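Plus 1476 on top of the position in the sequence shown (first one is 1) and you've got the working numbering. First the structure, in the form of structure tokens, and then the observations on it.
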Amino acid sequence: MVNCATGLHSRTLTITNKCTYTVWPAVLSAAGSSPLPTTGFALLPGNSNTLPVPPAWSGRLWGRTLCSIDITGKFSCVTGDCGKSTVECAGANPTPPITLVELDFNGTSQMNLYDVSLVEGFNLAVRVAPTDGKCLATGCLADLNAACPTELKVIRDEEAVACKNTCQTEPCLSSQFFKTACSDAHDHAFFTCSSSHYTVTFCPTSKSWRKAEKKKEASGRNVVKYTGVLAVISVICGFIIFRIRLRLSNRDWEISLSAGTRADCTIAPNT
């Protein structure tokens, strides 16, 4: 779609949450870029939000987890917090560790740049995909929190909720861990595409999400299976009833025939 007033292609960014918990996406526009209309909101499991992207926009996007508001009205998150005490980050950078999405939608050409980076650690599995089927998707699809080395884990209520990247020089423990787990994100390589629409998905391969989807599919298959079984049982029962009726009918006929034969065989007295 072309904006005739500016001669630039309009772009959209859809953010989808496939995690089993709420995620608060946050967006930080780069210097000189017009801000997105919404830069802080909550996404419930399974929900999406599509944002229009201004021309020549570039910025960073990440997901915040385990967020809450205290009795004073202060908003905070265990991972990805901006330190602003509000849902809107208002131009503030996130507190690592976070899985970082970087986007550069150049307004002077049709070629856009996108990547997923683990330079600042990891807190959520993320995938970035253009809707143009000719372009490649990228991201870190695995949940690295559980596998994160003990000394790099961020623990909340005895559960790993993020994984730190402590590397200042190469190589180091976190560098090797992230490189092995998610080479695309570790290498910090930008992908290019001319598509006008992009989707950022949190927890794109969540086991819990897949389990729920499979449960729905299994439920549908069970309905079909049980319907088929009932149909077979119905046919069998109908056949049994038919045989019973047929046998009863033949028996009645045999009784009637026998009675008729006895009547015909009666010898009349001599006259």
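Where a beta carbon is used, it is the ideal one built from N, C-alpha and C, also for glycine. Quick caveat: nothing in here was measured; it's all calculated off a predicted structure.
Going by DSSP, what residue range makes up the beta strand (DSSP E) through residue i?
i: Ala1436; result: Only positions 1477 to 1747 of the chain appear in the structure, and residue 1436 is not among them; the question remains open.
i: Cys1616; result: Thr1614 to Cys1616
i: Thr1555; result: Phe1551 to Thr1555
i: Val1595; result: Per DSSP, Val1595 belongs to no beta strand (DSSP E) and is neither H nor E.
i: Lys1629; result: Lys1629 to Arg1632
i: Ala1638; result: Glu1635 to Cys1639
Count the other CB atoms within 10 Å of the CB of residue i; is the residue buried (16 or more) or exposed (fewer)?
i: Leu1520; result: exposed
i: Ile1545; result: exposed
i: Ser1593; result: buried
i: Pro1625; result: exposed
i: Ala1507; result: exposed
i: Asp1633; result: exposed
i: Glu1693; result: With a pLDDT of 41 at Glu1693, under the threshold of 50, the modelled position of that residue is not reliable, and the figure given next carries that caveat. It is exposed - the Cβ of Glu1693 has fewer than 16 other Cβ atoms within 10 Å.
i: Thr1548; result: exposed
i: Tyr1445; result: An answer regarding residue 1445 cannot be provided, because it is not within the stretch 1477 to 1747 covered by the chain.
i: Pro1606; result: buried
i: Lys1494; result: buried
i: Thr1614; result: buried
i: Lys1690; result: With a pLDDT of 46 at Lys1690, under the threshold of 50, the predicted position of this residue should be treated as unreliable, though the coordinate-derived value follows. Exposed.
When the distance is taken between beta carbons, is residue j closer than 7 Å to residue i?
i: Phe1666; j: Asp1591; result: yes
i: Cys1537; j: Val1563; result: Note on residue identity: the sequence assigns Leu, not Cys, to residue 1537. No, the Cβ-Cβ distance between Leu1537 and Val1563 is not below 7 Å.
i: Val1577; j: Val1637; result: no
i: Leu1600; j: Gly1539; result: yes
i: Met1587; j: Ser1672; result: no
i: Lys1640; j: Leu1628; result: yes
i: Thr1488; j: Leu1589; result: no
i: Leu1612; j: Thr1681; result: no
i: Thr1498; j: Ala1518; result: yes
i: Gly1535; j: Ser1510; result: no
i: Phe1654; j: Val1602; result: no
Per DSSP, which residues does residue i bridge with? Please list them.
i: Ala1502; result: Gly1516 and Trp1538
i: Pro1528; result: Thr1488
i: Leu1590; result: Here residue 1590 turns out to be Tyr, not Leu, going by the sequence shown. Beta-bridge pairing links Tyr1590 to Leu1579 and Phe1667.
i: Ser1544; result: Ser1552
i: Val1604; result: Thr1614 and Val1676
For residue i, I'd like the list of residues in its chain whose CB is within less than 6 Å of its CB, leaving aside the five on either flank, ordered along the chain.
i: Ile1491; result: Pro1501, Asn1525 and Val1676
i: Leu1512; result: Val1503 and Leu1527
i: Phe1581; result: Arg1487, Val1529, Trp1533 and Asn1588
i: Ala1566; result: Lys1560
i: Val1750; result: With the chain running from 1477 to 1747 in the structure shown, residue 1750 is simply not present.
Note down, in chain order, each residue of its chain lying with its Cβ closer than 8 Å to the Cβ of residue i, except the 5 sequence neighbours on either side.
i: Ala1622; result: Ala1636
In its own chain, which residues sit with a C-beta less than 7 Å from the C-beta of residue i, not counting the 5 before and 5 after it?
i: Phe1551; result: Cys1543, Ile1545, Ser1561, Thr1562 and Val1563
i: Gly1597; result: Pro1572, Pro1573, Ile1574, Ala1638, Cys1639, Lys1640 and Asn1641
i: Ala1568; result: Cys1558, Gly1559 and Lys1560
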